[in-house]
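Chains as they are written, first to last, in the working numbering: chain A, 20 to 361; chain B, 20 to 361. Glycine included, each C-beta is placed from N, C-alpha and C at the ideal position.
2 protein chains.
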Amino acid sequence: MNLKQLSELLGLSQTTVSRALNGYPEVNEATRERVLQAVKETGYRPNKAAQRLATGKAGSIGLVMPTAPGHQSDVHFGEFLAGLGEEAVRHDFHFVIMPADPDDEVAALRRLAISGNVDALFVAYMRGHDPRLPMLKSLSMPYVVHGRSFGAELDYPYLDIDNEGAFYDATRLLLQLGHTRFALMNGQVHLDFAIRRKNGVISALAERGLVLEEDCISHTLMTDEQGLLAMERFLQLPQRPTAILCSSTVMALGAIRAVNQAGLRLGEDISLIAHDDVLPLLKPESFSVPLTTTRSALRAAGVRIAQRLIGTVKQAGPFPDQELWKTELIVRASTGPAPQQP
Amino acid sequence: MNLKQLSELLGLSQTTVSRALNGYPEVNEATRERVLQAVKETGYRPNKAAQRLATGKAGSIGLVMPTAPGHQSDVHFGEFLAGLGEEAVRHDFHFVIMPADPDDEVAALRRLAISGNVDALFVAYMRGHDPRLPMLKSLSMPYVVHGRSFGAELDYPYLDIDNEGAFYDATRLLLQLGHTRFALMNGQVHLDFAIRRKNGVISALAERGLVLEEDCISHTLMTDEQGLLAMERFLQLPQRPTAILCSSTVMALGAIRAVNQAGLRLGEDISLIAHDDVLPLLKPESFSVPLTTTRSALRAAGVRIAQRLIGTVKQAGPFPDQELWKTELIVRASTGPAPQQP
DNA sequence: TACATAATTGAAAGCGCTTTGGGTGCCATT
DNA sequence: AATGGCACCCAAAGCGCTTTCAATTATGTA
């Protein structure tokens, strides 16, 4: 069933039926009713491809999903997507996900943009001096970046959390508790948030004249396993750190196991603060020793970004171009006063 | 830049350029080279919407993502998607993800199909007597189901793992180790895999004349937190179970914490076998007590389903319509002989 | 040399929708 | 009676591609 058939069925022109369906005012209410009724009966749905070709609008936002045989999927990706989806479903938008080799992301993004399949783009996992940024700017298509790109000028639309502030505050708390030996379990070294978090730690330490030694920093994928390994390494250092900053609750999971296996007590021998993206599968408050965290819901960010993206496409009012969300520092039992020097 | 402009630029007709681009044989190799060269220089990309309108093919597979403000995202979803993507990227396919309220899935699926946006559909999280099945059958569009629908006739294309066999084998192992008091931590009660896994346990027990008591079964979301709660409940039963079957390594995480908190030793006081979807963030072999698991890589299933779907759309050879994958039972340290009766 | 055949290329007709630029009545105003 | 304004509706022109059918040129055969 297409428009033509439907209009013949009704004895109307395609024009009128189209207008009736799209809520144009110049059509008689009675006719509109008739059309709507016929749609219900026939189950007619406009062909999206045709609609898109005619209007140029697709009703969809595009994103590229890095993927390759060895490439690890990411819990955070799913949770963020859920947030995007939650908002998208309210506006009858959908996503076009283009899987791409991580090395090919810039090209994939361009293909996606030029394909005419999407109205707007979304990118995440920003890196320092991210090469996608100049490309996006040249594109004349709305986009929003999740995160920022360290080192690049801040003239693009983004939503980010205050990673530096979060880890600065967390470090300060540990300093106030008397800790002097710190370690940082961070995400991969090129990622923007990892850079900023590290800077937060460093500048808080600097205020007390302390430095973060290179062997007290790990940059890894944020998995349980890497958390375990990184913590084991830290615990074997001659000057064992007593205060750990950790970029993810998933990674903290492994880290805590390492602490337990070493016969140490979390919150007493070792204090740990992790960043919590509020993943539904992992609640820091119900860890056996509840976790002190810096918190910001990834999902909420997804909702907000979808709002801005869809709003821009629909030209529904102006949106702030740049948002920086504060995180909450929530103190639980995994942090405590520094142990007496052994 | 569109086809018309490109063809004018080259002094050729749209027809020829189109044919050159799409690999038709009746175009001179020299001209084809010229066209390809021009494409490189101008960065021309065909408009997908137009292509789709003309051919009816979209180069995309559709799936609906259940989502709502309260709805939990799922690690497994991301991992599976990674598998789909890994294959899709090889064929220049993409996904159209339609977010939908979980109550509205059937309708969302139909909308997606009729929209003309996709060539094939994929559905997962199957339930017993799943209402999406009759709908899909009526649709005359290729689809593959991940999982099966308990109670419905097996006349649809699916890929599933042998959930019943997996849990049957796991239960038998525990029986052989002398266990007699069992508990099952399962997924939500309406889900197909949960039904089959339960049946596997029940039938293995039945062979020894044992039954699975109602208070030894939990049906919950498969999160860390729910795992903790469920295990706590089991441990307080008057006849405490010594053998636990668990539907997910994520859930096992919480369960193990509950065991530790109760001062019990995993693999001695309590034996536990979990199903392992091979999530990169959680490796059962590196748990503090390595986990005995039934294993089947979710990601591999994603790859395979994408193969079948894309293959069908491209009419590339016949694919088996129904596949049932065996799982591996991998014995590690979380299982041991039943403790002496207290 | 004449004619069939193959190799290339083009013109034009769609694909299903939106939207521009008219109509056609009908009523109130002069 | 003539005019203008409204309310409704329609024909047809695109949107950018593919594909059918026809035309043109090159190649081979008798």
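- Taken in chain order, the whole alpha helix (DSSP H) runs of length 4 or more contained in the stretch 152–221 of chain B are 182–195.
- A Cβ-Cβ contact shorter than 8 Å links Phe-114/B with Ile-116/A.
- Counting along the chain, the unbroken beta strand (DSSP E) around Glu-342/B starts and ends at 341–344.
- Within the model, the alpha-carbon separation for Glu-27/B versus Gly-206/A is close to 51 Å.
- If you draw a straight line from the Cα of Ala-271/B to the Cα of Ala-320/A, it is about 29 Å long.
- Among the residues of chain A, those whose CB is under 9 Å from the CB of Arg-276/B are Ser-305, Phe-306 and Ser-307, following chain order.
- Ser-315/B has its alpha-carbon roughly 22 Å from the corresponding atom of Ala-202/B.
- Contact annotation: in the stretch 76–99 of chain A, residues whose CB is within less than 8 Å of a CB in chain B are Ala-77, Ser-79, Met-84, Thr-86, Ala-87, Pro-88, His-90, Gln-91, Ser-92, Asp-93, Val-94, Phe-96, Gly-97 and Glu-98.
- One finds nothing in chain A with a Cβ atom closer than 9 Å to the Cβ of Glu-124/B; even the nearest lies about 11 Å away.
- Against chain A, a Cβ distance below 7 Å from Glu-244/B picks out Lys-302 and Ser-305.
- In the DSSP assignment, Val-115/A forms a beta bridge with Gly-81/A and Val-115/B.
- Neighbours of Met-154/A across chain B, judged by C-beta separation under 8 Å, do not exist; the nearest C-beta is about 12 Å away.
- With a 10 Å radius around the Cβ and a threshold of 16 neighbouring Cβ atoms, Arg-318/B comes out buried.
- If you check each beta-carbon in the stretch 109–121 of chain B against every beta-carbon of chain A, the ones closer than 7 Å belong to His-113, Phe-114, Val-115, Ile-116, Met-117, Pro-118, Ala-119 and Asp-120.
- Going by beta carbons, Cys-235/B and Phe-253/B fall inside the 8 Å limit.
- Between the alpha carbons of Leu-348/A and Lys-217/A lies a gap of roughly 17 Å.
- In the DSSP annotation of this structure, the continuous segment of the beta strand (DSSP E) that includes Ile-349/B starts and ends at 347–349.
- Ile-329/A is a Cβ neighbour of Phe-112/A, given a cutoff of 8 Å.
- Counted as a single uninterrupted DSSP element, the stretch harbouring Ser-353/B is not any alpha helix (DSSP H), since DSSP gives it neither H nor E.
- Counting only runs of 3+ residues, the beta strand (DSSP E) found wholly inside the stretch 225–275 of chain B occupies 236–238 and 262–265, in chain order.
- Taking each of Thr-239/B, Arg-51/B, Leu-298/B and Ala-249/B in turn and checking the Cα distance to Ile-214/B, the smallest one comes out for Thr-239/B.
- Close to chain A, meaning a Cβ-Cβ distance shorter than 8 Å, are the following residues of the stretch 252–276 of chain B: Val-269, Leu-272, Gly-273 and Arg-276.
- If you check each beta-carbon in the stretch 123–150 of chain A against every beta-carbon of chain B, the ones closer than 7 Å belong to Arg-130, Ile-133, Ser-134, Gly-135 and Asn-136.
- Where Val-142/A is concerned, the enclosing beta strand (DSSP E) starts and stops at 139–142.
- The shortest C-alpha to C-alpha distance from Leu-291/B to any of Pro-303/B, Cys-265/B and Gly-282/B is the one to Cys-265/B.
- At a beta-carbon threshold of 7 Å, the residues of chain A lying near Ala-69/B are Leu-72, ordered along the chain.
- Judged by DSSP secondary structure, Ala-293/A falls within the beta strand (DSSP E) whose first and last residues are 290–295.
- Counting only the Cα atoms, Arg-129/A lies some 41 Å from Val-46/A.
- Taking a beta-carbon distance threshold of 8 Å, Gly-104/A counts as an interface residue toward chain B.
- Shown here for Arg-191/B: same chain residues with a beta carbon closer than 6 Å to its own, the five before and five after excluded, namely Ala-223 in chain order.
- Looking from the CA of Lys-333/A, the closest CA among Pro-161/A, Asn-21/A and Pro-121/A belongs to Pro-161/A.
- The alpha-carbon of Tyr-187/A is positioned some 12 Å away from that of Lys-345/A.
- Boundaries of the alpha helix (DSSP H) harbouring Thr-50/A: 48–61, taken from the DSSP string.
- For the stretch 279–296 of chain A, the set of positions with a beta-carbon nearer than 8 Å to some beta-carbon of chain B reads Asn-279 and Gln-280 in chain order.
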